[in-house]
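Colleague: Following this message is one structure expressed as structure tokens.
Numbering (the working numbering), first residue to last: 45 to 254.
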């Protein structure tokens, strides 16, 4: 019953990446506790305390309604980069593959790539608000406060960070595809054009294939 409740709470999280890693984390904790039915009471209380962040996370989600889903995904991509400079210094090419939805985020990406390439941040693993021009300070603060991925990033190794990065990047592509499909569906409903309909079918197939 308890496991079903945890699973239900995790599935209620709209962000699929967070939901997946939360469920994995709680499943692991449950497996660690259940082999012995006579575990100590303080261990049980410790476990209960560990599930509190889930509710806290849901509360934070409610405060992020001013941001669109894609924006929060992009915040997460940048959060991974600016808080794991050592990892991404060796994987600059995957940063270059990402195009963000606004100019300032793309400018920040270029700044980071330039500095990683020149090894300016060789002794740093985390980007600070005062490392770049003043115009980037507000964006960096927004990312550090609102990026959903920060909740699951603790104690992740390089392979796990890159895996999460790629998952979020693919989710952004899915969002962009769905947006294109919605726009095209509106056009097709207004204008029964064969070419538009063919394009719509192609996009739907891409979305299904992932």
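Beta carbons are placed, not taken as given, at the ideal position from N, Cα and C, and that holds for glycine. These numbers come from a predicted model, not from an experiment.
#1: Pair every Cβ in the stretch 121–141 with every Cβ in the stretch 152–166, then say whether three or more of these pairs are closer than 8 Å.
#2: Let me know the secondary structure DSSP gives residue 193 once reduced to three states.
#3: Can residue 154 be considered in contact with the ligand HEM, in the sense that its beta carbon sits closer than 6 Å to one or more heavy atoms?
#4: Following the continuous alpha helix (DSSP H) through residue 175, name the residue where it begins and the one where it ends.
#5: Quick check on this structure: which residue in 184, 242 and 231 has the alpha carbon closest to the alpha carbon of residue 122?
#6: If I'm right that residue 221 touches residue 251 with Cβ under 8 Å, what's the distance once you round it to whole angstroms?
#7: Alpha carbon to alpha carbon, how far is residue 170 from residue 132?
#8: DSSP on residue 201, reduced to helix/strand/coil?
#9: Can you name, in chain order, every residue of its own chain whose Cβ lies under 6 Å from the Cβ of residue 146, other than the five neighbours on each side?
#10: What is the C-beta distance between residue 231 and residue 245, in whole angstroms, given that I count them as a contact (C-beta under 8 Å)?
#11: Please state the DSSP three-state secondary structure of residue 119.
#12: From residue 165 to residue 152, what does the alpha carbon distance come to, in whole angstroms?
#13: Would you report the Cα separation of residue 234 and residue 118, rounded to the nearest angstrom?
#14: Output needed for residue 149: all residues of its chain with C-beta closer than 8 Å, excluding positions within five of it in sequence on either side, in chain order.
#15: Please say whether residue 219 and residue 114 have beta carbons closer to each other than 7 Å?
#16: For residue 160, which residues of its own chain have a beta-carbon under 6 Å away from its beta-carbon, when the five flanking residues on both sides are left out?
#17: Is residue 252 helix, strand or coil when you go by DSSP?
#18: Mind checking which residues open and close the alpha helix (DSSP H) that includes residue 151?
#19: With a CB to CB cut of under 6 Å and the five nearest residues on each side skipped, what residues in its chain are close to residue 209?
Modeller: To lay it out plainly:
#1: Of all C-beta pairs linking the stretch 121–141 to the stretch 152–166, three or more are shorter than 8 Å, placing the two stretches in contact.
#2: On the chain shown, residue 193 is found 149 positions in, with the first residue counted as 1. Looking at residue 193 - three-state DSSP - the assignment turns out to be helix.
#3: As far as ligands go, the structure on display features none, and thus does not contain the ligand HEM.
#4: On the chain shown, position 131 is the one that residue 175 refers to. Run containing residue 175: none; DSSP gives neither H nor E here.
#5: Position 78 of the chain shown, counting from 1, holds the residue named residue 122. Nearest C-alpha to residue 122: 184.
#6: Position 177 of the chain shown, counting from 1, holds the residue named residue 221. Position 207 of the chain shown, counting from 1, holds the residue named residue 251. With 8 Å as the limit, residue 221 and residue 251 qualify as a contact, their Cβ atoms being about 5 Å apart.
#7: Reading the chain shown from its first residue, position 126 is the one you call residue 170. Reading the chain shown from its first residue, position 88 is the one you call residue 132. Taking the straight line from one Cα to the other gives about 11 Å.
#8: Indexing the chain shown from 1 puts residue 201 at position 157. Residue 201: coil per DSSP, three-state reduction.
#9: Here residue 146 refers to the residue found at position 102 of the chain shown. Excluding residues within five positions, none has a Cβ falling inside 6 Å.
#10: On the chain shown, position 187 is the one that residue 231 refers to. On the chain shown, position 201 is the one that residue 245 refers to. Taking C-beta atoms under 8 Å as the contact rule, residue 231 and residue 245 fail to qualify, at a distance of about 14 Å.
#11: Looking up residue 119 in the chain shown gives position 75. Secondary structure of residue 119 (DSSP, three-state): helix.
#12: As a first step, residue 165 is located in the chain shown; it is residue number 121 there, counting from the start. As a first step, residue 152 is located in the chain shown; it is residue number 108 there, counting from the start. A straight-line Cα-Cα distance of about 15 Å links residue 165 and residue 152.
#13: As a working note, residue 234 is residue 190 in the chain shown. As a working note, residue 118 is residue 74 in the chain shown. Approximately 32 Å between the Cα atoms of the pair.
#14: Along the chain shown, one-based indexing puts residue 149 at 105. Cβ within range, chain order: 118, 122 and 183.
#15: Within the chain shown, numbered from 1, the residue matching residue 114 stands at position 70. Within the chain shown, numbered from 1, the residue matching residue 219 stands at position 175. Yes. Within cutoff.
#16: Position 116 of the chain shown, counting from 1, holds the residue named residue 160. For residue 160, where only same-chain residues beyond five positions count, the Cβ hits under 6 Å are 133 and 136.
#17: Looking up residue 252 in the chain shown gives position 208. Look at residue 252 here: in three-state DSSP terms it is helix.
#18: Looking up residue 151 in the chain shown gives position 107. Residues 147–161.
#19: Taking the chain shown and counting its residues from 1, the one referred to as residue 209 is at position 165. Within the same chain, residue 209 has close Cβ partners 124.
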